[in-house]
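Undergrad:
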Amino acid sequence: MPGLLIPPWYVNEKADPSDMNIASIAWGLSMGVFIFSVAKGVRHTINSWKRGRRMNPYVILIWTQLVSSTTMSAIMWCYLREYIPPSFPFFFMIVLLWSVQIQSLIQIIINRISILMVNRSTAKRLKIVSFLLLLAINISVFCVWIPARLQITKTWIKVNSIWDRIEKVIFLILDASLNIYFIHLVRSRLIANGLTKYTRLFRFNLLMITLSMAMDVLLIAMMSLPNDIVYVMFHPLAYLVKLHIEMNMAELITKVVKASNDGYDYSGSLSRTTGNKSSKTGQSTNRRGNSIFPNGHVTFVEGGGEDIELPNRDVHGIQKTTTTQVVIKESRQSEYDDHDMASESSSTRQLKRDNFPE
Numbered sequence: 000m001p002g003l004l005i006p007p008w009y010v011n012e013k014a015d016p017s018d019m020n021i022a023s024i025a026w027g028l029s030m031g032v033f034i035f036s037v038a039k040g041v042r043h044t045i046n047s048w049k050r051g052r053r054m055n056p057y058v059i060l061i062w063t064q065l066v067s068s069t070t071m072s073a074i075m076w077c078y079l080r081e082y083i084p085p086s087f088p089f090f091f092m093i094v095l096l097w098s099v100q101i102q103s104l105i106q107i108i109i110n111r112i113s114i115l116m117v118n119r120s121t122a123k124r125l126k127i128v129s130f131l132l133l134l135a136i137n138i139s140v141f142c143v144w145i146p147a148r149l150q151i152t153k154t155w156i157k158v159n160s161i162w163d164r165i166e167k168v169i170f171l172i173l174d175a176s177l178n179i180y181f182i183h184l185v186r187s188r189l190i191a192n193g194l195t196k197y198t199r200l201f202r203f204n205l206l207m208i209t210l211s212m213a214m215d216v217l218l219i220a221m222m223s224l225p226n227d228i229v230y231v232m233f234h235p236l237a238y239l240v241k242l243h244i245e246m247n248m249a250e251l252i253t254k255v256v257k258a259s260n261d262g263y264d265y266s267g268s269l270s271r272t273t274g275n276k277s278s279k280t281g282q283s284t285n286r287r288g289n290s291i292f293p294n295g296h297v298t299f300v301e302g303g304g305e306d307i308e309l310p311n312r313d314v315h316g317i318q319k320t321t322t323t324q325v326v327i328k329e330s331r332q333s334e335y336d337d338h339d340m341a342s343e344s345s346s347t348r349q350l351k352r353d354n355f356p357e
């Protein structure tokens with residue numbers, strides 16, 4: 000029985016056994032990634048709730064992505080099994096869930112980038128511009144993909160076969176650009192200023208960008224299958240993998256922070272350098288006890304627990320603040336082999352040139 004708004008000339012392309020085999024592979028992989036992603040999502044949610052007793056935007060975006068991807072995968076599987084007939088509501092729901100997926104994923108990526116951005120307004124503008132760009136793409140897909148699936152005219156089908164690939168290439172470029180920008184921030188604001196512990200984060204993100212772009216390429220390649228509706232099953236798989244990558248990045252950031260600040264209270268989101276408050280008698284106070292720098296400076300990089308969405312502070316971004324004190328006392332000049340033992344002249348001074356708040 001034809002569904003709502005299905006024209007009389009509509010030809011239903013039934014999935015043959017080979018199509019179902021491909022769809023089953025995508026379905027099985029999606030469910031596997033979903034299970035691991037839910038486990039991580041629950042852990043992030045619990046840790047976020049323990050810290051702030053609230054649901055922050057990062058956690059909300061995680062569950063929005065999980066629910067939309069899983070729902071899309073389930074109803075698409077039912078459609079291919081002919082449990083759900085083709086209709087306007089079905090195709091509308093597919094596009095709606097896809098729109099939610101790409102919007103939430105991009106906002107999660109920008110949320111990670113904003114941690115390294117000094118100017119909070121710049122991060123907000125980046126979120127708004129990305130949202131509006133994707134919104135324009137979403138609207139265009141509603142206007143093109145649905146009429147093509149309803150087989151209104153052959154012109155709509157031909158236009159959709161071209162535009163569908165173009166919008167996925169646009170998303171691939173946007174995804175890659177944001178990740179490359181994150182790599183640039185890690186390298187220019189952290190590693191270049193002596194915080195070489197973030198080299199691990201830099202290298203891991205390079206690997207994750209490659210995997211993320213591979214999922215976009217796979218999605219575009221699946222559009223060339225004989226039954227061109229089967230590729231929709233790969234949408235949830237691609238975005239669940241991307242979400243899993245983002246949660247792994249969040250955990251890595253936290254681990255890197257904790258590795259350098261073991262025993263410190265991670266109550267905010269900033270990086271700063273403090274020094275021993277010395278007097279003429281040589282007395283000093285230090286939150287960590289002994290300084291790891293020759294001149295008495297210690298770098299604290301504070302994270303917000305097991306969650307990449309860190310609590311808002313009056314001072315935004317990863318910062319590095321130096322307290323300098325002149326001590327009337329002769330000191331010996333020591334040599335240190337570790338690059339992280341660099342003095343303020345190379346690390347902190349560069350951060351000041353980059354307009355980091357003091």
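Heads up: the sequence shown begins at 0 in numbering that gives the first Met the number 0, then just goes up one per residue. Beta carbons: idealized from backbone N, C-alpha and C, even for Gly. These numbers come from a predicted model, not from an experiment.
1. For I83, which residues from the same chain have a beta carbon less than 7 angstroms from its beta carbon, with the 5 sequence-adjacent residues on both sides left out?
2. State the start and end residues of the unbroken alpha helix (DSSP H) segment that holds T445.
3. Could you check if H234 is buried or exposed, using at least 16 other CB atoms within 10 Å of its CB as the buried criterion?
4. Exposed or buried, which one is M400 when buried takes at least 16 other CB atoms within 10 Å?
5. Could you give the C-beta distance for S129 and L173, rounded to a whole number, given that I count them as a contact under 8 angstroms?
6. Measure from the alpha carbon of I34 to the alpha carbon of each residue in D15, L65 and I114, then state which is nearest.
7. Between W155 and N20, what straight-line distance do the alpha-carbon atoms span, to the nearest angstrom?
8. Please report the straight-line C-alpha distance between L189 and S113, rounded to a whole angstrom.
9. Starting from the Cα of T70, find the closest Cα among H43, S29, A38 and S160 and give me that residue.
10. So, under 8 angstroms CB-CB, L239 and V32 are touching, yes? Tell me the CB distance rounded to an integer number of Å.
11. Write down every uninterrupted run of the alpha helix (DSSP H) in the segment 180-229 whose length is 4 residues or greater and which is fully enclosed by it, in chain order.
12. Under a three-way DSSP split, which group does P146 fall into?
13. Just mark S17 as buried or exposed, buried being the case when its beta carbon has 16 or more other beta carbons within 10 Å.
14. Quick one: what's got a C-beta closer than 7 angstroms to Y137's C-beta in the same chain, skipping five residues either side?
15. On the three-state DSSP scale, how would you describe D15?
16. Use the C-beta contact count for R199: other C-beta atoms within 10 angstroms, 16 or more gives buried, fewer gives exposed.
17. In or out: P85 buried (at least 16 other Cβ within 10 Å) or exposed?
18. Considering only the beta carbon of each residue, do L3 and F87 sit closer than 9 angstroms?
19. Cα separation between I107 and P7?
20. Would you tell me roughly how many angstroms separate the C-alpha atoms of G27 and M232, rounded to the nearest one?
21. Can you tell me the Cβ-Cβ gap for F203 and L149, rounded? I've got them flagged as a contact below 8 angstroms.
22. Is there a Cβ of chain D sitting closer than 9 angstroms to that of F87, yes or no?
23. What's the C-alpha gap between A191 and A249?
24. So for M232, helix, strand or coil by DSSP?
25. Which residue comes first and which comes last in the alpha helix (DSSP H) that contains N110?
26. Does DSSP put E250 in a helix, a strand or coil?
27. With distances taken from CA atoms, which of A147, S72 and I127 is nearest Q100?
28. Between the alpha carbons of L184 and N178, how many angstroms are there, rounded?
29. Quick one: what's got a C-beta closer than 8 angstroms to L171's C-beta in the same chain, skipping five residues either side?
30. Run through DSSP, which three-state label would R53 get?
31. Rank Y9, N11 and A22 by C-alpha distance to the C-alpha of Y230 and give the top, closest one.
TA: This is what the structure gives:
1. Locating residue 83 in the sequence shown gives position 84, where the first residue counts as 1. If we look at I83 and ignore the five residues flanking it on each side, its Cβ neighbours are I74, C77 and F89.
2. Nothing can be reported for residue 445: it is not among the residues displayed for the chain, which extend from 0 to 357.
3. Here residue 234 corresponds to residue number 235 of the sequence shown, with the count starting at 1. By the 10 Å Cβ count, H234 comes out buried.
4. Any property of residue 400 remains undetermined from this structure, which presents the chain solely from 0 to 357.
5. Along the sequence shown, read from residue 1 onward, the residue named residue 129 stands at position 130. Along the sequence shown, read from residue 1 onward, the residue named residue 173 stands at position 174. Contact holds; Cβ gap of about 7 angstroms.
6. The residue you call residue 34 lines up with position 35 of the sequence shown. Comparing Cα positions, the closest option is L65.
7. Mapped onto the sequence shown, residue 155 falls at position 156. Mapped onto the sequence shown, residue 20 falls at position 21. Taking the straight line joining both Cα atoms gives about 29 angstroms.
8. The residue labelled residue 189 in the question sits at position 190 within the sequence shown. The residue labelled residue 113 in the question sits at position 114 within the sequence shown. Straight-line Cα distance between these residues: approximately 14 angstroms.
9. Counting from 1 along the sequence shown, the entry for residue 70 is found at position 71. Considering only alpha carbons, the answer is S29.
10. The residue given as residue 239 occupies position 240 in the sequence shown. The residue given as residue 32 occupies position 33 in the sequence shown. Indeed, because the Cβ distance is near 4 angstroms, the residues count as touching under 8 angstroms.
11. 198-221
12. Here residue 146 refers to the residue found at position 147 when the sequence shown is read from its first residue. Note: P146 maps to helix in three-state DSSP.
13. As a first step, residue 17 is located in the sequence shown; it is residue number 18 there, counting from the start. Exposed: under 16 other Cβ atoms inside 10 Å.
14. Start at 1 with the first residue of the sequence shown, and residue 137 comes out as number 138. Looking at the sequence provided, one finds Asn at residue 137 rather than Tyr. Contacts found: S98.
15. On the sequence shown, residue 15 is found 16 positions in, with the first residue counted as 1. Note: D15 maps to coil in three-state DSSP.
16. Counting from one through the sequence shown, the residue named residue 199 turns up at place 200. Exposed, by the Cβ-count rule.
17. To locate residue 85, count along the sequence shown from 1; it is residue 86. Result: buried.
18. Along the sequence shown, one-based indexing puts residue 3 at 4. Along the sequence shown, one-based indexing puts residue 87 at 88. A contact, by the Cβ cut-off of 9 angstroms.
19. As a first step, residue 107 must be located in the sequence shown, where it is residue number 108. As a first step, residue 7 must be located in the sequence shown, where it is residue number 8. Going from the Cα of I107 to the Cα of P7 covers about 43 angstroms.
20. Locating residue 27 in the sequence shown gives position 28, where the first residue counts as 1. Locating residue 232 in the sequence shown gives position 233, where the first residue counts as 1. G27 and M232: Cα-Cα distance of roughly 10 angstroms.
21. Within the sequence shown, numbered from 1, the residue matching residue 203 stands at position 204. Within the sequence shown, numbered from 1, the residue matching residue 149 stands at position 150. 44 angstroms between Cβ atoms; not a contact.
22. Protein chain content of the structure displayed is limited to a single chain, and chain D is not contained in it.
23. As a working note, residue 191 is residue 192 in the sequence shown. As a working note, residue 249 is residue 250 in the sequence shown. Approximately 21 angstroms between the Cα atoms of the pair.
24. On the sequence shown, residue 232 is found 233 positions in, with the first residue counted as 1. Of the three classes helix, strand and coil, the one that applies to M232 here is helix, per DSSP.
25. Position 111 of the sequence shown, counting from 1, holds the residue named residue 110. F87 to S113 is the span of the alpha helix (DSSP H), which, as asked, contains N110.
26. The count along the sequence shown starts at 1 and reaches residue 250 at position 251. E250: helix per DSSP, three-state reduction.
27. Within the sequence shown, the letter at position 101 stands for residue 100. Considering only alpha carbons, the answer is S72.
28. If you number the sequence shown from 1, residue 184 lands on position 185. If you number the sequence shown from 1, residue 178 lands on position 179. Roughly 10 angstroms separates the two Cα atoms.
29. Numbered from its first residue, the sequence shown carries residue 171 at position 172. Cβ within range, chain order: M212, D215, V216 and I219.
30. Against the sequence shown, residue 53 aligns to sequence position 54. Three-state result, R53: coil.
31. In the sequence shown, residue 230 corresponds to position 231, counting from 1. With distances taken between Cα atoms, Y230 lies closest to A22.
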